[in-house]
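Since the structure comes first, as structure tokens, the remarks are kept for the end.
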Amino acid sequence: NAFADEDVRGFAERIVRFLKLPDDKIDFSAEPKIDGLSMSLRYEGGELVRAATRGDGAGGEDVTANIRTLEDVPQKLKGRNIPGICEVRGEVYMPLAAFKAFNEDAAAAGERTYANPRNFASGSLRQIDPSITARRPLRFFAYAWGLLSAPFAETQWEALSKLRDWGFVVTPQARRVENAEGLLAAYAEF
Numbered sequence: 001n002a003f004a005d006e007d008v009r010g011f012a013e014r015i016v017r018f019l020k021l022p023d024d025k026i027d028f029s030a031e032p033k034i035d036g037l038s039m040s041l042r043y044e045g046g047e048l049v050r051a052a053t054r055g056d057g058a059g060g061e062d063v064t065a066n067i068r069t070l071e072d073v074p075q076k077l078k079g080r081n082i083p084g085i086c087e088v089r090g091e092v093y094m095p096l097a098a099f100k101a102f103n104e105d106a107a108a109a110g111e112r113t114y115a116n117p118r119n120f121a122s123g124s125l126r127q128i129d130p131s132i133t134a135r136r137p138l139r140f141f142a143y144a145w146g147l148l149s150a151p152f153a154e155t156q157w158e159a160l161s162k163l164r165d166w167g168f169v170v171t172p173q174a175r176r177v178e179n180a181e182g183l184l185a186a187y188a189e190f
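Written as structure tokens, this is what we have:
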């Protein structure tokens, strides 16, 4: 984690040294962190077969029935060159405006309100009844990959492009930058 500008510059310098590059011209993918629930989606033959939370890092909770209710999660991948087995990683979250509106409606109806959008999103995805999940304003965006049966992408930027081509939402604020100063500029904008 970087807590100061110098931490970011030091990180970029270590990457350049590790890769033995002649100068600091290295591309980074700058993406904002959205606080939600980490998700792993498994596709076989382009079809969604399983969705699991990250859990403890070794195993998570199967939430396939509930994840199928999110419009942002493709049931079938589109496009070409889709690996036979493909694990897509992303984040389930609730936009702040949707969270506030949901709480206002709940309060007006005399129902329970919730403390924060991250925990509400997490609880919404873990409902026993998928129809409850379907009524909640949850969103999903893809940001990475896990297990693949075939090569996927050489860079994070290329991966985001392929994920978009396959029908996923990726964060629109993502940008490709050349060096530590580009990372810092992106951070200031996020």
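When the letters of the sequence shown are read in order and numbered with the UniProt record's numbering, they come out as residues 1 to 190.
Cβ coordinates follow ideal geometry from the N, Cα and C atoms, glycine included.
- Does the count of Cβ pairs from the segment 134-143 and the segment 167-182 closer than 8 Å reach three? yes
- Message: Can you check which of these residues, Ala101, Ala65, Ala159, Leu148, is closest to residue 255 by C-alpha distance?
- Response: In the structure as shown, the chain begins at 1 and stops at 190. Residue 255 is therefore absent and cannot be evaluated.
- Task: Could you name each continuous alpha helix (DSSP H) segment of 4 residues or more that falls completely within the segment 46-126, going from the start of the chain to the end?
- Result: 64-67, 96-108, 117-125
- From the DSSP output, which residues share a beta bridge with Tyr143? The residue you call residue 143 lines up with position 143 of the sequence shown. Note: Tyr143 sits in no beta bridge, so no partner.
- If you compare alpha carbons, which of Gly46, Phe3, Ala4 is closest to Ser149? Here residue 149 refers to the residue found at position 149 when the sequence shown is read from its first residue. Taking only the C-alpha atoms, the option nearest Ser149 is Gly46.
- Report yes if the CB atom of Met94 is closer than 8 Å to the CB atom of Ala121, and no otherwise. For the purposes of this step, residue 94 is identified with residue 94 of the sequence shown, where counting begins at 1. For the purposes of this step, residue 121 is identified with residue 121 of the sequence shown, where counting begins at 1. A contact, by the Cβ cut-off of 8 Å.
- Query: When you compare only the Cα positions, how much space is there between Leu44 and Phe152?
  - Reply: Along the sequence shown, one-based indexing puts residue 44 at 44. Along the sequence shown, one-based indexing puts residue 152 at 152. The question names Leu, yet the displayed sequence has Glu at residue 44. Their Cα atoms are separated by approximately 15 Å.
- Item | Delimiting residues of the beta strand (DSSP E) encompassing Arg14 | The residue you call residue 14 lines up with position 14 of the sequence shown. No beta strand (DSSP E) holds Arg14; the alpha helix (DSSP H) holding it covers 5-18.
- Message: Run through the DSSP bridge pairs and tell me what Phe28 is partnered with.
- Response: If you number the sequence shown from 1, residue 28 lands on position 28. Looking at the DSSP assignment, Phe28 forms a beta bridge with Val177.
- Item | Contact check, Glu31 vs Ala174, beta carbons under 8 Å | Start at 1 with the first residue of the sequence shown, and residue 31 comes out as number 31. Start at 1 with the first residue of the sequence shown, and residue 174 comes out as number 174. A contact, by the Cβ cut-off of 8 Å.
- Could you pull the start and end residues of the alpha helix (DSSP H) that Glu154 belongs to? Indexing the sequence shown from 1 puts residue 154 at position 154. In the DSSP assignment, Glu154 falls outside any alpha helix (DSSP H) and carries neither an H nor an E.
- Query: Which residues in the same chain have their Cβ closer than 8 Å to the Cβ of Pro74, if we skip the five residues on either side of it in sequence?
  - Reply: As a position in the sequence shown, residue 74 is number 74, starting the count at 1. Within the same chain, Pro74 has close Cβ partners Leu48, Trp166, Gly167, Phe168.
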